[in-house]
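Residue numbering for the sequence shown follows my numbering, starting at 12 and increasing by one per position. Here's the structure, in structure tokens; my notes come after.
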Amino acid sequence: MKDGTPQEFPPERLRERLQQILPEERYEAFLDQALLPRRSHVRVNTLRSEVQEVREDLDRMGIEHTPLSWCDHAFSTTSEPRALQRSGLWKSGGFHIQSPSSIATSLVLEPEPGERILDMCAAPGSKTSHIAALMNNEGELVANDLSKPRMHRMRALLELLGAQAQVRRSAGEQIGRREPDSFDRILVDAPCSGEGRMRPDDPGTYENWRPKVPKQLGSRQKSLLHSAIEAVRPGGVVVYSTCTFAVEENEMVLARALKLYEGRIKMEPLPIELPGAMTPCTQWQNRALPEMTEARRLGPPEYDGFFIARLLKIG
Numbered sequence: 012m013k014d015g016t017p018q019e020f021p022p023e024r025l026r027e028r029l030q031q032i033l034p035e036e037r038y039e040a041f042l043d044q045a046l047l048p049r050r051s052h053v054r055v056n057t058l059r060s061e062v063q064e065v066r067e068d069l070d071r072m073g074i075e076h077t078p079l080s081w082c083d084h085a086f087s088t089t090s091e092p093r094a095l096q097r098s099g100l101w102k103s104g105g106f107h108i109q110s111p112s113s114i115a116t117s118l119v120l121e122p123e124p125g126e127r128i129l130d131m132c133a134a135p136g137s138k139t140s141h142i143a144a145l146m147n148n149e150g151e152l153v154a155n156d157l158s159k160p161r162m163h164r165m166r167a168l169l170e171l172l173g174a175q176a177q178v179r180r181s182a183g184e185q186i187g188r189r190e191p192d193s194f195d196r197i198l199v200d201a202p203c204s205g206e207g208r209m210r211p212d213d214p215g216t217y218e219n220w221r222p223k224v225p226k227q228l229g230s231r232q233k234s235l236l237h238s239a240i241e242a243v244r245p246g247g248v249v250v251y252s253t254c255t256f257a258v259e260e261n262e263m264v265l266a267r268a269l270k271l272y273e274g275r276i277k278m279e280p281l282p283i284e285l286p287g288a289m290t291p292c293t294q295w296q297n298r299a300l301p302e303m304t305e306a307r308r309l310g311p312p313e314y315d316g317f318f319i320a321r322l323l324k325i326g
């Protein structure tokens, strides 16, 4: 098989990078998980239903489910999405099919009712809808994105789930300049290379990957994070996340922000304990990186590849 063709998984250059980033057992788990059928996770949409109602619905359908230890309104299941989508409760917005990494991100943000919150890169809306539920639709939630087609899908999802949000289409990089010190909390789930969601049965998830992609995306991710830091009020929280393993899109983005805003921001421990989470990389390609013991990398077998960090603005 020729290196770099869509049939090779992962492509040779990506394989070399992942083996440098991930511990050996985690890299092997990534390969193993990529070959297995996807397990679906369910988040109870508390705006439309209750935990017990969803559990009873899953029982009626014969779908085995186990509560997540760190989230009292989410379950892992043994089913693929199509089986869950036959549920009338799913069709009416009573629950949402969502990855545990994505669920964790909104919990790390810790939204409160009555706050003004920005989801800077919100589409297609899974995290936005979860934030709205955690706020109980009380306060002001701004769902911003630049992609018009993705925004249409987000509007439909928010309506289905009963999630109230002010939907905007704008460049997130400009929000900090337009609205400085004006949000209580901001989520930056940045557009990324998606390395954590690549699968061999879906060439579209990896066939366009090139070694230069993480560095190119890192430039925009830095701008988005800097904009969020400007837009959040002193005492407010910014959560930065991606669904990729790339150091250039994770640790290096944070390192730049910590240097640029030294004395104005600090990292905070995540408010939830995520079993199996890893600490960030401290070195990449002969470059030392600052210790970021508060941030977490997520990966197989418990999660898709993901990165989450929480920042507090102190001045």
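We put the CB at the ideal spot given by N, CA and C, even for glycine.
Annotated three-state conformation of residue 201 is coil, per DSSP. Setting aside the 5 residues that flank it on each side, residue 306 is surrounded in the same chain by 291, 320, each with a C-beta closer than 6 Å to its C-beta; the list follows chain order. Here the C-alpha atom of residue 88 lies approximately 28 Å from the C-alpha atom of residue 130. The way I'd put it, the region 119 to 127 does touch the region 141 to 155; three or more beta-carbon pairs between them come closer than 8 Å.
Taken in chain order, the complete beta strand (DSSP E) segments of 3 residues or longer contained in the region 125 to 197 are 127 to 130, 151 to 156, 177 to 180. In the structure shown, the three-state DSSP call for residue 288 is coil. 37 is the residue among 19, 25, 31, 37 whose C-alpha sits nearest the C-alpha of residue 287. Uninterrupted beta strand (DSSP E) stretches at least 3 residues long and entirely within the region 198 to 282 occur at 243 to 253, 276 to 279, given in chain order.
A distance below 8 Å between beta-carbons, with the five flanking residues on each side excluded, links residue 61 to the following residues of its chain, in chain order: 55.
Residue 78: member of the beta strand (DSSP E) spanning 76 to 78, first to last residue.
Pairing residue 300 with residue 261, the inter-Cα distance amounts to about 11 Å. As computed with DSSP, residue 106 is found in a beta bridge with 55. Excluding the 5 residues flanking it on each side, residue 174 has same chain C-beta neighbours closer than 6 Å at 140, 143, in chain order. Residue 96 has no beta-bridge partner at all, per DSSP. One Cα belongs to residue 326, the other to residue 136, and the distance between them is close to 30 Å. Residue 257 and residue 114 have their C-alpha atoms some 21 Å from each other.
Below 8 Å, too few C-beta pairs join the region 61 to 74 and the region 30 to 50 to call them touching: fewer than three. The Cβ atoms of residue 241 and residue 200 lie no closer than 9 Å to each other.
Pairing residue 167 with residue 127, the inter-Cα distance amounts to about 22 Å.
About 6 Å separates the CB atoms of residue 278 and residue 303; that is less than 8 Å, so the two are in contact. One alpha carbon belongs to residue 53, the other to residue 69, and they sit about 10 Å apart.
By the criterion of at least three beta-carbon pairs nearer than 8 Å, the region 224 to 237 is in contact with the region 179 to 189. Residue burial is scored here from C-beta neighbours: residue 315 has at least 16 other C-beta atoms within 10 angstroms and is therefore classed as buried. Residue 180 and residue 158 have their C-alpha atoms spaced approximately 7 Å apart.
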